[in-house]
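The block underneath contains the structure these notes are about, expressed in structure tokens.
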Amino acid sequence: MDSAPVLQIKNLSMTYHRLNGEVKAIEKIDLDVYEGEIIGIVGPSGCGKSTLLSIIAGLMKPSSGEVILNGKRVEKPSKDIGYMFQRDLLFEWRTIFENVLLGLEIQGKITDESRKTAEKMLETYGLGDFKDSYPSQLSGGMRQRAALIRTLMTEPKLLLLDEPFSALDYQTRLAISDEVGVILKKEKKTTLMVTHDIAEAISMSDRVVVLSNRPAVIKDIIDIELTVPKGIWSPINCREAPEFRHYFNQIWKELDIHVK
Amino acid sequence: MLNKDMSCEHYRYLKKIKRRKQIITITQVSIFVLALILWEIAARMKLIDTFLTSSPSDIWNTFIRMSKEGDLTYHVGISVVENIVGFTVGTILGVIIAIGLWWSDFWAKVLEPYLVVLNTLPKTALAPIIIIWIGTGYSGIIVTAIVTSIVITIMNMFNSFISVDENKIKLLKTFGASKLQIFTKLVFPQSIPAMISTLKVNIGLSWIGVIVGEFLVSRAGIGYLLVYGGQVFRFDLIMMSLFILTIISVLMYKLVSIIENRFSKWQQ
């Protein structure tokens, strides 16, 4: 990685204050993310993964430390960051086309050109026929794809995915994570993806960050290098790589999960 | 439809469902017609005292006579106008106040107990005060109608506003949305179904306000006809007024249902 990092997380800590006390969610996290990288973040449930994403997105103020995006400190939600949620959060009263344009509409940037781009993207990702349908008429996988297009339409420099497939059933999940992985690589989007699915993290990411239990600290950062069979990169193919099992075991051990 | 060339079995199934629906409608209408016929027969055979019950034919004759003289349109017109102004203003004002409460979390918390107390109070109990303060004309009656519907509107709409999915608000914030945009793009459109169902309730509540107001002021309107009919023991007049009131309420309710269907195409 020769160029400067797109995203720098410096010495980030977050403490929640509640009436019955305070909870340390994350502690002293440092991470650099480079252009075009997909970073998977895994950790035990409730360890503060979503908190980390909310701070990076500028939705929450950290207790200490800072987040720097393209040399600028993140203080409030920025147009350079796209956020994708666990559920698709499509607005039921808007058509798919209107949903996809939501971000640009908020930012007052709808033009004839952006309308055409939206149509083309819906077409490319198999939703062309559903442009004028309402979300309730689409399957879970299609809805999540529409949500991704909505995020991509604002042309963010950095994508934050917060367990984006966990609301889907297993088969759809495999198919959609494969599609999304290919889309992200094709569009060369720098991405941070929080997940609790180890296999998903390995198959989609360039690096996997392993977080500890609360308060979350970085336990390890693992470079994923897979010899992809057939030579075509895609998350599904990645799962067939001989090194896959090895990474899976390594991360599983580091997560150190005991069910009591 | 699923497919056009349906099987015989499916055809029979659809026919059975349709038949059942027809039977229900026919029974519903028959009960009403039968009740009218029995009422009329009992009245003519002097089995019931028409002085206390009137009879369908008397009611009909009164209706025809008053329609010809123009009295009926005058009284019904006044009540309908009072009602429409009442529930429209009540709903709009209520929605505006609910927006204010949504905007300011502080004032929403401060005013909550007041709203709860006001909501438990039967609003028509305020009618005498309102009429003294506002006056005995139409305005007093209209304000009574507004007061009966406004508190429930505020509560329903506010609850609908705050029940919006937090994650959707978060989503809009990641796009850099302002509070106004969060309201106009998400909170308000999400609450349109709740607003229409509140409107339906308000039509009925506003009628209560109008009738009570007219009872107290007694110069014109359906409420006046009812009170007058009671005082001079004209049961044909009372019964006719009740029938008209029922028909108008149902028509208004239906009208709002039609509007509702137009707004809910995304729900199907």
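Heads up: the sequence lines are chains H and S, in that order. According to the working numbering, the first sequence is numbered sequentially starting from 847. According to the working numbering, the second sequence is numbered sequentially starting from 8. Built from N, CA and C at the ideal position, the CB exists for glycine as well. All of these numbers come straight from a predicted model, not from anything done at the bench.
I need the straight-line Cα distance from residue i to residue j, nearest angstrom please.
{"i": "R72 (chain S)", "j": "N126 (chain S)", "result": "42 Å"}
{"i": "P135 (chain S)", "j": "L54 (chain S)", "result": "41 Å"}
{"i": "N166 (chain S)", "j": "L858 (chain H)", "result": "37 Å"}
{"i": "L898 (chain H)", "j": "C1084 (chain H)", "result": "27 Å"}
{"i": "F222 (chain S)", "j": "I44 (chain S)", "result": "31 Å"}
{"i": "F1011 (chain H)", "j": "I952 (chain H)", "result": "25 Å"}
{"i": "L206 (chain S)", "j": "P129 (chain S)", "result": "19 Å"}
{"i": "Q29 (chain S)", "j": "W67 (chain S)", "result": "29 Å"}
{"i": "P843 (chain H)", "j": "Q1017 (chain H)", "result": "Summary: the structure shown does not reach residue 843 (chain H), with chain H confined to residues 847 through 1106, and so no result is reported for it."}
{"i": "M8 (chain S)", "j": "I872 (chain H)", "result": "A caution first: M8 (chain S) carries a pLDDT of 47, below 50, which makes its placement in the model too unreliable to give a value."}
Would you say residue i reaches chain S, if we count a Cβ-Cβ gap shorter than 8 Å as a contact?
{"i": "M906 (chain H)", "result": "no"}
{"i": "A903 (chain H)", "result": "yes"}
{"i": "Y862 (chain H)", "result": "no"}
{"i": "R1053 (chain H)", "result": "no"}
{"i": "P1010 (chain H)", "result": "no"}
{"i": "L968 (chain H)", "result": "no"}
{"i": "Q953 (chain H)", "result": "yes"}
{"i": "R989 (chain H)", "result": "no"}
Please tell me whether residue i has its Cβ less than 8 Å away from any Cβ of chain H.
{"i": "L193 (chain S)", "result": "yes"}
{"i": "K177 (chain S)", "result": "yes"}
{"i": "N268 (chain S)", "result": "no"}
{"i": "T181 (chain S)", "result": "yes"}
{"i": "A201 (chain S)", "result": "no"}
{"i": "A152 (chain S)", "result": "no"}
{"i": "P196 (chain S)", "result": "yes"}
Give me, in chain order, the residues of the same chain whose beta-carbon lies closer than 8 Å to that of residue i; leave out the 5 immediate sequence neighbours on both sides.
{"i": "L179 (chain S)", "result": "Q188, I189, K192, L193"}
{"i": "L935 (chain H)", "result": "A993"}
{"i": "K856 (chain H)", "result": "D876, G911, E912, V913, I914"}
{"i": "R961 (chain H)", "result": "L947"}
{"i": "S256 (chain S)", "result": "I210, G211, W214"}
Which residue's Cα is closest to the Cα of residue i: the options?
{"i": "P890 (chain H)", "options": "H:T963, H:A1062, H:W1079, H:S1080", "result": "H:A1062"}
{"i": "R1091 (chain H)", "options": "H:V1055, H:D1102, H:S985, H:I1048", "result": "H:I1048"}
{"i": "R996 (chain H)", "options": "H:A1045, H:L853, H:M967, H:K907", "result": "H:M967"}
{"i": "E267 (chain S)", "options": "S:L233, S:R226, S:G237, S:I199", "result": "S:I199"}
{"i": "K1003 (chain H)", "options": "H:Q983, H:K925, H:P908, H:I956", "result": "H:K925"}
{"i": "E938 (chain H)", "options": "H:V1028, H:L1030, H:P981, H:L1020", "result": "H:P981"}
{"i": "W109 (chain S)", "options": "S:F168, S:V150, S:Y121", "result": "S:F168"}
{"i": "L258 (chain S)", "options": "S:A115, S:F39, S:K177, S:I91", "result": "S:I91"}
{"i": "L1101 (chain H)", "options": "H:K1065, H:D1069, H:E1071", "result": "H:K1065"}
{"i": "L41 (chain S)", "options": "S:L244, S:P63, S:N174", "result": "S:P63"}
{"i": "I197 (chain S)", "options": "S:S213, S:I215, S:I245, S:I176", "result": "Looking at the sequence provided, one finds Gln at residue 197 (chain S) rather than Ile. For the residues S:S213, S:I215, S:I245, S:I176, the minimum Cα distance to Q197 (chain S) belongs to S:I176."}
{"i": "I1070 (chain H)", "options": "H:T941, H:L853, H:I885, H:P908", "result": "H:I885"}
{"i": "S185 (chain S)", "options": "H:D1024, H:Q983, H:E1025, H:G954", "result": "H:G954"}
{"i": "K247 (chain S)", "options": "S:D112, S:I33, S:L233", "result": "According to the sequence shown, residue 247 (chain S) is Met rather than Lys. M247 (chain S) has its Cα closest to that of S:L233, out of S:D112, S:I33, S:L233."}
Among the residues of its own chain, which have a CB less than 6 Å from the CB of residue i, if the five just before and after it don't count?
{"i": "C893 (chain H)", "result": "L1057, N1059, R1060, A1062"}
{"i": "I218 (chain S)", "result": "G230"}
{"i": "I104 (chain S)", "result": "I161"}
{"i": "F270 (chain S)", "result": "I199"}
{"i": "M847 (chain H)", "result": "Low confidence applies to M847 (chain H): its pLDDT is 47, below 50, so where it sits in the model is not reliable enough to give any reading."}
Let me know the secondary structure DSSP gives residue i once reduced to three states.
{"i": "K1003 (chain H)", "result": "coil"}
{"i": "A105 (chain S)", "result": "helix"}
{"i": "G93 (chain S)", "result": "helix"}
{"i": "D1008 (chain H)", "result": "strand"}
{"i": "N68 (chain S)", "result": "helix"}
Less than 7 Å between C-beta atoms, sequence neighbours within five positions excluded: which residues of the same chain meet that for residue i?
{"i": "G949 (chain H)", "result": "R996, M999, T1000"}
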